[in-house]
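**Q** For the sequence shown, counting from 1, position 160 maps to 160 in UniProt numbering; every step adds exactly one.
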Amino acid sequence: MTMHLPTIAVRPTPRDRETLLSYLSRAAVMRELGLWEFTSELGLSQKALIALDPDAVTEVGALFELSPDEIAELVSWSPRSVAGVRMHFRNEQVVSRAVVNPTIRGCPKCMREDADLSDHAPADGMVMRGDWQFRHVAVCVRHRMALAPLWTETRQASRFDFSTWLRRLLPNLMDGRVDAETTEITAYDHWLDTRLSSATDPTWLAQFPIDVAAQICQLLGGELIRRRIVPAGFPADSPARALGFEVARQGPEAIRDAFRQLADRASGPNDESRKAFGRLHDWLSNSALEDPRYDPFRDMLREVVLDVWPVAAGTKVLGVSLNKRLRHSVVTAAEDARVSPALMRRLLVAEGVVQEDDPRPDARLTFPVDALEPLLAAIRRLVGPKELARHLGCGEQQLEALTLAGVVTPRFPPEATRRAWDPADAERLLADLSHGADPITSVNTDWEHVHRAALRARVGIDVVIAAIRAGQIATGRRSDLKGYAAIFVRKEEVDAVIRPPKPAHQTMSDFAREVGLAKNGAFRRLVEHGYASVTVLYNPQTRRHDRYVTPEDATVFHARFTTHKLLSTTLGESSREVALRLRKAGIPRFRPGGEYLGPIYRLEDVAPAMRNLSA
1 MTMHLPTIAV
11 RPTPRDRETL
21 LSYLSRAAVM
31 RELGLWEFTS
41 ELGLSQKALI
51 ALDPDAVTEV
61 GALFELSPDE
71 IAELVSWSPR
81 SVAGVRMHFR
91 NEQVVSRAVV
101 NPTIRGCPKC
111 MREDADLSDH
121 APADGMVMRG
131 DWQFRHVAVC
141 VRHRMALAPL
151 WTETRQASRF
161 DFSTWLRRLL
171 PNLMDGRVDA
181 ETTEITAYDH
191 WLDTRLSSAT
201 DPTWLAQFPI
211 DVAAQICQLL
221 GGELIRRRIV
231 PAGFPADSPA
241 RALGFEVARQ
251 GPEAIRDAFR
261 QLADRASGPN
271 DESRKAFGRL
281 HDWLSNSALE
291 DPRYDPFRDM
301 LREVVLDVWP
311 VAAGTKVLGV
321 SLNKRLRHSV
331 VTAAEDARVS
341 PALMRRLLVA
351 EGVVQEDDPR
361 PDARLTFPVD
371 ALEPLLAAIR
381 RLVGPKELAR
391 HLGCGEQQLE
401 ALTLAGVVTP
411 RFPPEATRRA
421 WDPADAERLL
431 ADLSHGADPI
441 TSVNTDWEHV
451 HRAALRARVG
461 IDVVIAAIRA
471 GQIATGRRSD
481 LKGYAAIFVR
491 KEEVDAVIRP
501 PKPAHQTMSD
511 FAREVGLAKN
521 GAFRRLVEHG
531 YASVTVLYNP
541 QTRRHDRYVT
551 PEDATVFHAR
561 FTTHKLLSTT
571 LGESSREVAL
581 RLRKAGIPRF
591 RPGGEYLGPI
601 YRLEDVAPAM
611 RNLSA
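Laid out in structure tokens, this is it:
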């Protein structure tokens, strides 16, 4: 049969945030006893009280006539062991190290105020508050003072004998010798104090256990300070916890952005993710690796790591093994391609995969792995111009013409690499030119080599090849030749399809012959003196501008002049006979300024005599 002690008449009143052992210690001080001496007299188990055994707690409530709410509040501020390395504290589960520490801390100012409220000795009023033992609480919000270490004791029983320790420290506590420095109270401090006291949390961190949220604030802030990354307008000398909270309270995007900034600051060629994220990385990848409560933060950090560093397949990143590589650096890409990093960087710049002015070193300049796959295939095939000409079966001059015309182009700029050509381009060209080609021999003289056809037609080789690809010109292939050298086209098809038409008008020389003024440049001099007109037109066949006689030019000439040849045609006589008759008729030749311009006459001089000439 269990014996119950009578209720305790002289007993303290529970205070805000007080722990159960603090309450019992104050009752012990009233009797000038140590905690465990007092509880022993009450028949309460030391071990059961430390463990907050429900039966022991119920017994305390009965002995001290505490209401259910009072006993529940005392217990809520007292860490209680649960399954795993966890403690139940303020209706949350936290890791034991968050609330169990050999060093007991407190606010001396709070304790001096408590002493003033004492019913008996000063120490019986001094309350040991539960929030002081939460590792992430650093200050007393009420007094703007850092918590002071009061004593350190490894043995639990001795550590929690508050009555003995407080009586021993009373002089130092009362005269301020253990006071810590005053400090600014940050948004983090207010947030943590409010969450502990009322379980109220308006921030994104509300979804996480309080020790997880506070630990992330501390670690993230520590790394931001180490890298001197402070938000605009935020005090540069702020504690790590405050800076971390300022970021973490905003949620995932702000946290990822902070991670990216940390990654950017680790810009050295050998700066890996561990160096970039320091203790934060170590915590998430080692210390808390098996704690699933940190998974959302681990996932966010892993996302940034994989987006920045060239992590190889099979590597474990924050506890997860990577199935395949997601990003390459210039260095890892060069290793895969078996080329130098310098060459790889030039090729990547040429492809537009990376920017030429990117300041990052080769080991840190990364890009998606998909961008490298087609590049790697091309790099392994690259050849120089001589080797490409051999693949094509053409000479150097022909290759130069094909290149200038854009028919074949280097896979990379020649300044990036001497081996800039992809033989696959040559193979595609030959396949296009050979498709449907007729077999021909050297005796087929109505065929000409495709390159010769372009020269004769005075067009670029690209024009001829475009017509072949469009099916406008058929090709023939000589069996005694190979590659590009074996490709021929019909001359008549080139002329019909490719060769551009010349102007439809007579050239100046043709017109001069027609009117009998070709000798000694007679018509040319007539034009130069301004007595006849011509029109300058572009001839696509010769790619030159030349002088032509349009119908309008001819009409003007015939309205003013005639010649032996024209009169010969009109009269049906030889030019000699016409010249003789003109002399007999006394009709003078056209000689402006006395200059001889050939057998040309003004029509107005000849017209009156035309009847006689016709007779």
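Note that beta-carbon positions come from the ideal geometry of N, C-alpha and C, so glycine has one too.
Smallest Cα separation from Gly-251: which of Asp-362, Trp-132, Leu-173, Leu-220?
**A** Leu-220
**Q** Can you name the start and end residues of the alpha helix (DSSP H) that Asn-172 belongs to?
**A** 162–174
**Q** Starting from the N-terminal side, write out each stretch of the alpha helix (DSSP H) that is 4 residues or longer and does not extend beyond the stretch 560–600.
**A** 564–571, 575–584
**Q** Beta-carbon separation of Cys-394 and Gly-516 under 8 Å?
**A** no
**Q** Buried or exposed: which applies to Val-330, given that a residue is buried once 16 or more other Cβ atoms fall within 10 Å of its Cβ?
**A** buried
**Q** Quick check: what's the CA-CA separation for Trp-283 versus Lys-47?
**A** 33 Å
**Q** If you draw a straight line from the alpha carbon of Ser-197 to that of Lys-324, how long is it in whole angstroms?
**A** 47 Å
**Q** Below 8 Å on the Cβ atoms is my contact criterion, and I expect Pro-389 with Ile-461 to pass it. Report the Cβ-Cβ distance as a whole number of Å.
**A** Sequence inspection shows Ala at residue 389; the Pro mentioned does not correspond to that position. That belief does not hold up - the Cβ atoms of Ala-389 and Ile-461 are roughly 15 Å apart, past 8 Å.
**Q** Using a Cβ-Cβ cutoff of less than 8 Å, which residues in the same chain neighbour His-190 once the five nearest sequence positions on both sides are dropped?
**A** Val-141
**Q** Using the C-alpha atoms, what's the distance from Asp-131 back to Leu-20?
**A** 13 Å
**Q** Go through its chain and collect everything with a Cβ distance to Asn-270's Cβ below 8 Å, but skip five positions before and after it.
**A** Closer than 8 Å at the Cβ level, and outside the excluded window around Asn-270, lie Ala-363.
**Q** Output the distance between the C-alpha atoms of Val-339 and Ala-474, rounded to the nearest integer angstrom.
**A** Computed Cα separation, rounded: 43 Å.
**Q** Starting from the C-beta of Tyr-336, find all residues in its chain whose C-beta is less than 8 Å away, skip the five residues before and the five after it, and write them out in chain order.
**A** The sequence as given places Asp at residue 336; Tyr does not occur at that position. The answer, listed in chain order, is His-328, Leu-372, Leu-376.
**Q** Alpha carbon to alpha carbon, what distance is there between Tyr-538 and Ala-504?
**A** Straight-line spacing of the CA atoms in Ala-504 and Tyr-538 works out to 11 Å.
**Q** Return the bridge partner residues of Ile-487 from the DSSP annotation.
**A** In DSSP, Ile-487 forms a bridge with Arg-477.
**Q** Can you tell me the Cα-Cα spacing of Met-3 and Leu-301, whole angstroms?
**A** Confidence is the limiting factor: at Met-3 the pLDDT is only 47, short of 50, which leaves the residue's position unreliable, though a coordinate-based value still follows. Near 58 Å, if we compare the C-alpha coordinates of Leu-301 and Met-3.
**Q** Does at least one heavy atom of the ligand COA sit under 7 Å from the Cβ of Ala-609?
**A** For the ligand COA, the structure offers nothing, since it holds no ligand at all.
**Q** I'd like the ranges of any alpha helix (DSSP H) spanning at least 4 consecutive residues and lying wholly in the stretch 316–374.
**A** 330–337, 341–351
**Q** Can Pro-423 and His-451 be called in contact, C-beta distance under 8 Å?
**A** no
**Q** Quick one: complete beta strand (DSSP E) runs, 3+ long, within the stretch 82–112?
**A** 86–89, 92–95, 103–106
**Q** Can you tell me whether Arg-411 is buried or exposed? The criterion is at least 16 other CB atoms within 10 Å of its CB, across all chains shown.
**A** buried
**Q** The alpha helix (DSSP H) that contains Trp-447, what's its start and end?
**A** That residue, Trp-447, is in no alpha helix (DSSP H); its beta strand (DSSP E) goes 447–449.
**Q** Going by CA-CA distance only, name the one from Ile-498, Arg-499, Gly-521 that's closest to Ser-509.
**A** Nearest of Ile-498, Arg-499, Gly-521 to Ser-509, Cα basis: Gly-521.
**Q** So, at 6 Å on beta carbons, what are the nonlocal neighbours of Pro-361 in its own chain, with the 5 sequence-adjacent residues on each side left out?
**A** Pro-269
**Q** Which two residues bound the contiguous beta strand (DSSP E) that contains His-545?
**A** Unbroken beta strand (DSSP E) run through His-545: 544–549.
**Q** Sort Pro-368, Glu-37, Arg-249, Gln-218 by Cα distance to Pro-239 and report the nearest one.
**A** Nearest option by C-alpha distance: Gln-218.
**Q** If you draw a straight line from the C-alpha of Gly-222 to the C-alpha of Ser-96, how long is it?
**A** 22 Å
**Q** Going by beta carbon distance, what residues of the same chain come within less than 6 Å of Arg-241, once the five residues before and after it are set aside?
**A** Tyr-188, Cys-217, Gln-218, Gly-221
**Q** Pick helix, strand or coil for Cys-140, following the three-state DSSP scheme.
**A** strand
**Q** Using a Cβ-Cβ cutoff of less than 7 Å, which residues in the same chain neighbour Asp-291 once the five nearest sequence positions on both sides are dropped?
**A** Around Asp-291: no qualifying Cβ.
**Q** Using only alpha-carbon positions, find the residue among His-529, Lys-584, Ala-559 that is nearest to Glu-595.
**A** His-529
**Q** Does the beta-carbon distance from Leu-139 to Ile-210 come in below 8 Å?
**A** Per the sequence presented here, residue 139 reads as Val, with Leu not at that position. In this structure, Ile-210 does not lie closer than 8 Å to Val-139 by Cβ.
**Q** In the DSSP assignment, what residue or residues form a beta bridge with Thr-535?
**A** Tyr-548
**Q** When we look at the beta-carbon of Ser-40 and count the other beta-carbons within 10 Å, is it buried (16 or more) or exposed?
**A** exposed
**Q** Are Arg-144 and Thr-182 close, meaning C-beta to C-beta below 8 Å?
**A** yes
**Q** Measure how close the beta-carbons of Leu-429 and Val-408 come, nearest whole angstrom, since I'm counting them as under 8 Å.
**A** Yes, they are in contact, since the Cβ atoms of Leu-429 and Val-408 sit about 6 Å apart, within 8 Å.
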